[in-house]
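Going line by line, the protein sequences match chains A and B. Sequential numbering of the first sequence, starting at 0, is according to numbering that gives the first Met the number 0. Sequential numbering of the second sequence, starting at 0, is according to numbering that gives the first Met the number 0. In this text, a Cβ means the ideal position worked out from N, Cα and C, and glycines have one as well. Computed from a predicted structure; not experimentally measured.
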Amino acid sequence: MTRLDEAFSERAKAQPDRLAVDGAGELLTYGQLDALGHRFARALRAAGIAPGDRVGIHLPRSGRGIAAMLGALRVGAVYVPLDPGSPPARMELIAKDCGLRAVFIAPQLLQTWLAAGVYAPVEHFFLMAPEQAPLSPPPGVSVRRWEDLLGESSEPLPPPATQLRDLAYMLYTSGSTGVPKGVMLSHENALAFVEWAADAISLSSSDRVASVAPFHFDLSVFDIWSSLSRGASITIVDEVTVLNGKRMLDLIHEKSINVWYSVPSALILMLETGGLADRGAPSLRVVYFAGEVFPIKHLRRTMQVLPRAKFWNLFGPTETNVCTAYELSSIPGEDDKAIPIGHASCGDEALVLDEQGKAVADGEVGELFIEGPTVMLGYWDSGRRTPAKHPYPTGDMVSRRPDGELMYHGRRDHMVKIHGYRVELGEVEAALNAHEQVQEAIAFAHDQRLVVVIVPRDAALSVLDVKRHAAARLPRYMIPSDIRLVQQLPRTSSGKTDRVRTKAAVIEGNTADLPPVRAAAPAPAQKDS
Amino acid sequence: MASNVKTSIHQQIVTTWLNGDDRGFDDDTDLQGTGILDSFSTLSLVAFIDETFKVQLDPVDINAETFKSVSTISELVETKLGATK
Numbered sequence: 000m001t002r003l004d005e006a007f008s009e010r011a012k013a014q015p016d017r018l019a020v021d022g023a024g025e026l027l028t029y030g031q032l033d034a035l036g037h038r039f040a041r042a043l044r045a046a047g048i049a050p051g052d053r054v055g056i057h058l059p060r061s062g063r064g065i066a067a068m069l070g071a072l073r074v075g076a077v078y079v080p081l082d083p084g085s086p087p088a089r090m091e092l093i094a095k096d097c098g099l100r101a102v103f104i105a106p107q108l109l110q111t112w113l114a115a116g117v118y119a120p121v122e123h124f125f126l127m128a129p130e131q132a133p134l135s136p137p138p139g140v141s142v143r144r145w146e147d148l149l150g151e152s153s154e155p156l157p158p159p160a161t162q163l164r165d166l167a168y169m170l171y172t173s174g175s176t177g178v179p180k181g182v183m184l185s186h187e188n189a190l191a192f193v194e195w196a197a198d199a200i201s202l203s204s205s206d207r208v209a210s211v212a213p214f215h216f217d218l219s220v221f222d223i224w225s226s227l228s229r230g231a232s233i234t235i236v237d238e239v240t241v242l243n244g245k246r247m248l249d250l251i252h253e254k255s256i257n258v259w260y261s262v263p264s265a266l267i268l269m270l271e272t273g274g275l276a277d278r279g280a281p282s283l284r285v286v287y288f289a290g291e292v293f294p295i296k297h298l299r300r301t302m303q304v305l306p307r308a309k310f311w312n313l314f315g316p317t318e319t320n321v322c323t324a325y326e327l328s329s330i331p332g333e334d335d336k337a338i339p340i341g342h343a344s345c346g347d348e349a350l351v352l353d354e355q356g357k358a359v360a361d362g363e364v365g366e367l368f369i370e371g372p373t374v375m376l377g378y379w380d381s382g383r384r385t386p387a388k389h390p391y392p393t394g395d396m397v398s399r400r401p402d403g404e405l406m407y408h409g410r411r412d413h414m415v416k417i418h419g420y421r422v423e424l425g426e427v428e429a430a431l432n433a434h435e436q437v438q439e440a441i442a443f444a445h446d447q448r449l450v451v452v453i454v455p456r457d458a459a460l461s462v463l464d465v466k467r468h469a470a471a472r473l474p475r476y477m478i479p480s481d482i483r484l485v486q487q488l489p490r491t492s493s494g495k496t497d498r499v500r501t502k503a504a505v506i507e508g509n510t511a512d513l514p515p516v517r518a519a520a521p522a523p524a525q526k527d528s
Numbered sequence: 000m001a002s003n004v005k006t007s008i009h010q011q012i013v014t015t016w017l018n019g020d021d022r023g024f025d026d027d028t029d030l031q032g033t034g035i036l037d038s039f040s041t042l043s044l045v046a047f048i049d050e051t052f053k054v055q056l057d058p059v060d061i062n063a064e065t066f067k068s069v070s071t072i073s074e075l076v077e078t079k080l081g082a083t084k
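Written out as structure tokens, the structure is:
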């Protein structure tokens, strides 16, 4: 095995003129991406970035962003993709948590950071596009302009001493205590998945792979590294296009995209609003999906209109990347309740254990534990590195069928998924509890919506106040869409807040259990998705 | 018609994303900075506009500037309504 960046470099040498990335109005061949990666590596070296240092990537998905990852790896640094949709306050938490020294950043986002007074501990910003507007970085912070970065030589630096077991990148996920935590992944962790996922579908230089998932989301590891290590080309489905079923489908047709990996929501959007049923997508040969349960009704429909494509359900938390997989050999039956998450993949072993750590019998529900090469190195949390437990407890409840395939039964904790995004309810609650007029807050997910029920200290607190407060602290996908202000929450016999009854009361509209604070007109339970 | 558009978009937002609580909310409230509109709620609002006013918005019309407040969205919808007459 070779490191992620080396796997790319070999392909770049073999096929410099082939298209590597198509997106954001920019085409980069393997040779051009390679050269840009070397320039960025030199810029990092010139800034004194050393092996093991953390480097942020904060811009819309693009070939430049991928080149920045290459640049970081080529000096032995660790890249940290940052969500362009998150507020500066959350970015600051992450920057401080892992001690980001340098950030490749879109000019507009840097302006936002500086306006919010967010930069520490970052010492170096690299602008990823030309910027006309003046920038006034605080003392001690350097900003290098795009034109200036392009002036760096594209000659390779001597390779770093990075080993396969060393940290390659970190993905920050929602943390239950209110602070996002960094999942630390090594080259070896990534490659176990990258190579498995490429081999499973015989990915080659004739393939065109879509990049649909955000870079801070682990689905993108396939899009970027499986593609680049096999010589395939990446087509960026940008942040605006992914919200529009018709435009997404147009792009698949226009670019002849043939390999697709996304959350089911994106496919459902093309089905419901993009005309997928009428137009089909004959170029697609592989559909990988992950991140949330694909409702059978929609899965059946999608498979019917894409008869040529192979469908795979990939499963695993960020901590283990993909650890189980299931290839659908036929369209599920109308009466099927769920499809399996499959069996262990990527060289991993899957164990189903009870509370005492003993294996449960087939058909019984236990927690999924994973041992093997994809299990993360550990967490970077509150400035400390905590090694992963082995075998790794995923928090996912599963059962094993007699044929060996695993079935999913939900989470054992308070983590939920909203449109495939992982949300720790504790993080949402902690953010809301930080508001001085909030006495108590309970969050839960229902029907792809994040709901919070709040007992205010003061009747003056409005729903808009809560929204505004959340928007300043949480990424967009974690801002509650349904906010209820109530006089009190139901309690259990032991006096604890009764989460189960709270959720049931919201769903049933039971105002005896949840007396509203003010006699507002009853809000019809309209869906926003 | 003009005030109709504004009122009905205002009402839709208050009912759907503020649970009927309009305190502090007016037609110039920043819908992006307050987290009222995200990708999914924007899609839903676009569908509402399509249904209510029979106005199909182009993807290029939908951005942080045009969807900044009830006022800016109403302006966009009214321009489109005017153009079809």
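Using beta-carbon distances, Asp20 (chain B) counts as an interface residue toward chain A, with a partner under 7 Å.
Under DSSP, the beta-bridge partners assigned to Lys416 (chain A) are A:Arg421.
In this structure, the straight-line span from the alpha carbon of Val140 (chain A) to that of Pro179 (chain A) is close to 25 Å. Counting only residues of its own chain and dropping the five nearest sequence neighbours on each side, Ala191 (chain A) has a CB closer than 6 Å to the CB of Cys345, Gly346, Pro372, Thr373.
Counting only residues of its own chain and dropping the five nearest sequence neighbours on each side, Arg411 (chain A) has a CB closer than 7 Å to the CB of Glu366, Gly394, Met396. Between the stretch 458-465 of chain A and the stretch 496-505 of chain A there are fewer than three C-beta pairs closer than 8 Å, too few to call the two in contact.
Annotation: Cβ neighbours of Arg467 (chain A) in chain B (cutoff 8 Å, chain order): Gly32, Thr33, Gly34.
Residues of chain B with a Cβ closer than 7 Å to the Cβ of Ser480 (chain A) are, in chain order, Trp16, Ser40. At a cut-off of 7 Å between C-beta atoms, Asp25 (chain B) does not count as an interface residue with respect to chain A.
DSSP places Val462 (chain A) outside any beta strand (DSSP E); the residue lies instead in the alpha helix (DSSP H), whose first and last residues are 462-470. Nearest in C-alpha terms to Ala46 (chain A), of all of A:Ala34, A:Ala71, A:Ser282, is A:Ala71.
Any Cβ of chain B closer than 7 Å to the Cβ of Val454 (chain A) would place that residue at the interface, and such an atom is absent. For Asn243 (chain A), there is no enclosing alpha helix (DSSP H), as DSSP marks it with neither H nor E. In this structure, Ala209 (chain A) sits away from Ser219 (chain A), with a CB-CB distance that is not shorter than 7 Å. For Ser461 (chain A), the closest Cβ of chain B is nearer than 7 Å. By the neighbour-count criterion, in which 16 or more other beta carbons inside 10 Å mark a residue as buried, Pro306 (chain A) falls on the exposed side. Only buried fits Leu32 (chain A), as 16 or more other CB atoms lie within 10 angstroms of its CB. Around Asn243 (chain A), the beta-carbon contacts reaching into chain B at under 7 Å are Pro58. The three-state secondary structure of His37 (chain A), taken from DSSP, is helix.
Under DSSP, Ser185 (chain A) shares a beta bridge with A:Leu166.
The shortest CA-to-CA distance from Ala337 (chain A) to any of A:Tyr407, A:Arg383, A:Phe310 is the one to A:Tyr407. The three-state reading of DSSP puts Ser210 (chain A) in strand, counting E and B together. Around the beta carbon of His123 (chain A), a 10 Å sphere encloses 16 or more other beta carbons of the protein chains shown; the residue is thus reported as buried.
Around the beta carbon of Asn3 (chain B), fewer than 16 other beta carbons lie within 10 angstroms, which makes this residue exposed. Not flagged as an interface residue toward chain A: Asp49 (chain B), since no C-beta distance is shorter than 7 Å. According to DSSP, Pro455 (chain A) shares a beta bridge with A:Val437.
Bridge pairing for Tyr407 (chain A): A:Val397 [DSSP].
Rounded to whole angstroms, Ala308 (chain A) and Arg475 (chain A) show a C-alpha spacing of 33 Å. Taking C-alpha positions only, Gly425 (chain A) is separated from Gln31 (chain B) by approximately 24 Å. Each residue's CA atom was taken as its position, placing Met477 (chain A) and Lys79 (chain B) some 33 Å apart. Looking at A:Ala197, A:Asp334, A:Pro137, A:Thr111, the one whose alpha-carbon comes closest to that of Ser226 (chain A) is A:Ala197. A straight line joining the alpha-carbon of Glu64 (chain B) with that of Leu36 (chain B) spans about 12 Å. Contact annotation: Leu58 (chain A) and Met127 (chain A) have beta-carbon atoms nearer than 7 Å. The Cβ of Ala470 (chain A) sits closer than 7 Å to at least one Cβ of chain B.
Taking a C-beta distance under 7 Å as the contact criterion, Pro479 (chain A) and Leu513 (chain A) do not qualify as a contact pair. When secondary structure is reduced to three states using DSSP, Asp497 (chain A) falls in the coil class, being assigned neither helix nor strand.
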